[in-house]
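S.K.:
In the working numbering, the protein residues as written are 8 to 165.
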């Protein structure tokens, strides 16, 4: 498992796993009010700007800053549990979303979430139980997968 300092400053794609311990209804931009049942949420994203994966994933893990992306709204009430990442060249966020949409045991919760700049049905998926990397091995991405588990912090909802 990679430590925080090992998240590369290179561009790439990531899958941020968040845990929501209680149901919440949140205002999410143009999507309006969205109901999020308790569970484990996987958000597919990419980090192509300055600082790459380390900067973008670090922002999500800290949960600070003004809300900018849809996931910032969910992150305000959900705890980060794990990040799976692929430095370029690897699957892009759209390929990850397609793989999750086809994976058993996952459901698209909010159509359009995280996908306002593309044609994907959405980039946020819910699982009742914590996921395992085997979920994406069938898609051929297990060998390039990096994993990072943030230090445990109190649940923001407790």
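Just so it is clear, CB atoms sit at the ideal spot from N, CA and C, and this is done for glycine as well. Bear in mind the structure is a predicted one, so any value in this text is a computation, not a measurement.
Leaving out five residues before and five after residue 114 in sequence, what residues of the same chain have Cβ atoms less than 7 Å from its Cβ?
M.R.: By 1-based counting over the chain shown, the position of residue 114 is 107. These residues qualify, in order along the chain: 132, 133.
S.K.: Measuring only the C-alpha atoms, how far is residue 8 from residue 34?
M.R.: Reading the chain shown from its first residue, position 1 is the one you call residue 8. Reading the chain shown from its first residue, position 27 is the one you call residue 34. Its pLDDT being 45, under 50, residue 8 is placed unreliably by the model, and nothing is read from it.
S.K.: With distances taken Cα to Cα, identify the nearest neighbour of residue 118 among 157, 77, 23.
M.R.: Counting from 1 along the chain shown, the entry for residue 118 is found at position 111. The shortest C-alpha separation from residue 118 is found at 77.
S.K.: Just how far apart, CA to CA, sit residue 19 and residue 98?
M.R.: For the purposes of this step, residue 19 is taken as residue 12 along the chain shown, with counting starting at 1. For the purposes of this step, residue 98 is taken as residue 91 along the chain shown, with counting starting at 1. Whole-angstrom Cα-Cα distance: 8 Å.
S.K.: With distances taken Cα to Cα, identify the nearest neighbour of residue 26 among 84, 126, 153, 101.
M.R.: Position 19 of the chain shown holds residue 26. Per the Cα distances, 84.
S.K.: Could you tell me the boundaries of the alpha helix (DSSP H) in which residue 78 lies?
M.R.: In the chain shown, residue 78 corresponds to position 71, counting from 1. That run of the alpha helix (DSSP H) goes 77 to 82.
S.K.: Would you identify the three-state DSSP class for residue 70, choosing helix, strand or coil?
M.R.: Mapped onto the chain shown, residue 70 falls at position 63. Coil at residue 70, not helix or strand.
S.K.: Does the beta-carbon of residue 87 have 16 or more other beta-carbons within 10 angstroms, so that it is buried, or is it exposed?
M.R.: Sequence index remark: in the chain shown, residue 87 carries index 80 (1-based). So residue 87 ends up on the buried side.
S.K.: Please report how far the alpha carbon of residue 112 lies from the alpha carbon of residue 47, in whole angstroms.
M.R.: Here residue 112 refers to the residue found at position 105 of the chain shown. Here residue 47 refers to the residue found at position 40 of the chain shown. Each residue's alpha carbon lies about 11 Å from the other.
S.K.: Since I believe residue 91 is in contact with residue 40 (beta carbons under 8 Å), could you give me their beta-carbon distance rounded to a whole number of angstroms?
M.R.: As a first step, residue 40 must be located in the chain shown, where it is residue number 33. As a first step, residue 91 must be located in the chain shown, where it is residue number 84. Not really, about 29 Å apart at Cβ, beyond 8 Å.
S.K.: Check each candidate in 127, 49, 95 and name the one with the smallest Cα separation from residue 82.
M.R.: The residue given as residue 82 occupies position 75 in the chain shown. Comparing Cα positions, the closest option is 49.
S.K.: Return the CA-CA distance between residue 136 and residue 16, expressed in angstroms with no decimal places.
M.R.: Locating residue 136 in the chain shown gives position 129, where the first residue counts as 1. Locating residue 16 in the chain shown gives position 9, where the first residue counts as 1. For residue 136 and residue 16, the distance between alpha carbons rounds to 30 Å.
S.K.: Tell me, to the nearest whole angstrom, how far the beta carbon of residue 130 is from that of residue 104; I am working on the premise that it is less than 8 Å.
M.R.: Within the chain shown, residue 130 is the residue found at index 123, counting from 1. Within the chain shown, residue 104 is the residue found at index 97, counting from 1. At roughly 5 Å, the Cβ-Cβ gap stays under 8 Å, so residue 130 and residue 104 are in contact.
S.K.: Quick check on the burial criterion: 16 or more other C-beta atoms within 10 angstroms. Buried or exposed for residue 140?
M.R.: As a working note, residue 140 is residue 133 in the chain shown. Exposed: under 16 other Cβ atoms inside 10 Å.
S.K.: Inspect the beta-carbon positions of residue 32 and residue 42 and report whether they are closer than 8 Å.
M.R.: Looking up residue 32 in the chain shown gives position 25. Looking up residue 42 in the chain shown gives position 35. Yes, the Cβ-Cβ distance between residue 32 and residue 42 is below 8 Å.
S.K.: What separation, rounded to the nearest whole angstrom, lies between the Cα atoms of residue 95 and residue 72?
M.R.: Walking along the chain shown from the start, residue 95 turns up at place 88. Walking along the chain shown from the start, residue 72 turns up at place 65. Distance between the alpha carbons of residue 95 and residue 72 is about 26 Å.
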